[in-house]
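>
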Amino acid sequence: KQEVTQIPAALSVPEGENLVLNCSFTDSAIYNLQWFRQDPGKGLTSLLLIQSSQREQTSGRLNASLDKSSGRSTLYIAASQPGDSATYLCAGANQAGTALIFGKGTTLSVSS
Amino acid sequence: GAVVSQHPSWVICKSGTSVKIECRSLDFQATTMFWYRQFPKQSLMLMATSNEGSKATYEQGVEKDKFLINHASLTLSTLTVTSAHPEDSSFYICSARDIRSANYGYTFGSGTRLTVV
Numbered sequence: 002k003q004e005v006t007q008i009p010a011a012l013s014v015p016e017g018e019n020l021v022l023n024c025s026f027t028d029s030a031i032y033n034l035q036w037f038r039q040d041p042g043k044g045l046t047s048l049l050l051i052q053s054s055q056r057e058q059t060s061g062r063l064n065a066s067l068d069k070s071s072g073r074s075t076l077y078i079a080a081s082q083p084g085d086s087a088t089y090l091c092a093g094a095n096q097a098g099t100a101l102i103f104g105k106g107t108t109l110s111v112s113s
Numbered sequence: 481g482a483v484v485s486q487h488p489s490w491v492i493c494k495s496g497t498s499v500k501i502e503c504r505s506l507d508f509q510a511t512t513m514f515w516y517r518q519f520p521k522q523s524l525m526l527m528a529t530s531n532e533g534s535k536a537t538y539e540q541g542v543e544k545d546k547f548l549i550n551h552a553s554l555t556l557s558t559l560t561v562t563s564a565h566p567e568d569s570s571f572y573i574c575s576a577r578d579i580r581s582a583n584y585g586y587t588f589g590s591g592t593r594l595t596v597v
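One line per chain: the protein sequences are B and G, in this order.
Quick note on our numbering: the first sequence kicks off at 2 and runs consecutively.
Quick note on our numbering: the second sequence kicks off at 481 and runs consecutively.
#1: Could you give the distance in angstroms between the alpha-carbon of B/N117 and the alpha-carbon of G/A576?
#2: From which residue to which residue does the beta strand (DSSP E) around B/N64 run?
#3: Considering only the beta carbon of each residue, do G/I501 and G/Y586 sit closer than 9 Å?
#4: Just to check my reading of the structure: G/F588 and B/L45 have Cβ atoms closer than 8 Å, yes? What is that Cβ distance to the nearest angstrom?
#5: Rounded to whole angstroms, what's the CA-CA distance from G/V561 to G/A536? Just pull it up for me.
#6: Given that a residue counts as buried once 16 or more other Cβ atoms are within 10 Å of its Cβ, and exposed if not, what is G/G541?
#7: Should B/R117 go down as buried or exposed, given a rule of 16 or more other Cβ atoms within 10 Å for buried?
#8: So, is G/D568 buried or exposed, given that buried needs 16 or more other C-beta atoms within 10 angstroms?
#9: Below 7 Å CB to CB, which residues in the same chain sit around G/V596 once its five sequence neighbours on both sides are set aside?
#10: Is G/E567 helix, strand or coil when you go by DSSP?
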């Protein structure tokens with residue numbers, strides 16, 4: 002069964018820094034991997050989706066990569082801003098139509 | 481893009497009563513929906529997979545008689561927490577995937593915060 006791990010659990014950086022959030026998964030037969038943002042007490046906002054045939058996706062200051070062979074994905078945030086403060090969740094699905102399995106998240110705090 | 485509507489966004493109920501949470505796909509049909517539970521400062525844990533027209537598939541450790549799931553149409557799944565107790569207080573969130581979407585991503589409802597007193 003797929004297991005997803007995220008490190009670090011928490012991260013504090015000053016505004017303007019570039020940062021990398023890490024996600025690892027146990028089953029390399031992953032169908033797709035999705036990164037989400039969750040603000041305190043709120044639902045999920047989808048950030049980026051990477052299909053198994055893709056290696057990376059970009060949206061604005063965000064870039065996510067997927068390396069199936071090593072079982073890793075990274076979320077790169079460029080020029081961080083205080084508004085980026087949130088919990089970032091990584092989730093993967095093994096087959097089309099199956100549920101996403103979530104990591105425990107990385108809580109990011111960007112200070113101004 | 482695909483939109484999933486979840487209702488109510490929050491509910492407070494007395495111990496022993498039942499609470500129904502609705503999850504609707506607004507602009508697409510979803511033969512499968514997923515229900516998750518999130519305790520404070522923890523990640524989302526999959527509770528069950530809701531299948532249109534058939535029984536839900538529950539994850540290990542989730543009581544199917546306590547968490548009743550009904551997926552009677554292609555756009556609606558409901559989760560009923562029966563005989564709720566304070567330990568059932570949690571954030572419940574549903575998800576569906578629009579297979580028409582070019583990126584086949586998962587869309588989540590806004591969640592329901594349940595407090596049992």
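Ideal placement from N, C-alpha and C gives every residue a C-beta, glycine not left out.
Quick look at the numbers:
#1: The first residue shown for chain B is 2 and the last is 113, placing residue 117 of chain B beyond what the model contains.
#2: As a first step, residue 64 of chain B is located in the first sequence; it is residue number 63 there, counting from the start. Start and end: 63–68.
#3: Translated into positions along the second sequence, residue 501 of chain G becomes position 21. Translated into positions along the second sequence, residue 586 of chain G becomes position 106. Their beta carbons are not under 9 Å apart, which means G/I501 does not touch G/Y586 by this criterion.
#4: Your numbering for residue 588 of chain G matches position 108 in the second sequence. Your numbering for residue 45 of chain B matches position 44 in the first sequence. The Cβ separation is near 4 Å, so the contact holds.
#5: The residue labelled residue 561 of chain G in the question sits at position 81 within the second sequence. The residue labelled residue 536 of chain G in the question sits at position 56 within the second sequence. Each residue's Cα considered, the two are about 14 Å apart.
#6: The count along the second sequence starts at 1 and reaches residue 541 of chain G at position 61. Counting Cβ neighbours within 10 Å, G/G541 comes out exposed, since fewer than 16 surround it.
#7: With chain B running from 2 to 113 in the structure shown, residue 117 of chain B is simply not present.
#8: Indexing the second sequence from 1 puts residue 568 of chain G at position 88. With 16 or more Cβ atoms within 10 Å of its Cβ, G/D568 is classed as buried.
#9: Locating residue 596 of chain G in the second sequence gives position 116, counting from the first residue. The answer, listed in chain order, is C493, S495, A564, H565, P566, D568, S569.
#10: In the second sequence, counting from the first residue as 1, residue 567 of chain G sits at position 87. In the structure shown, G/E567 sits in a helix (DSSP, three-state: H, G or I).
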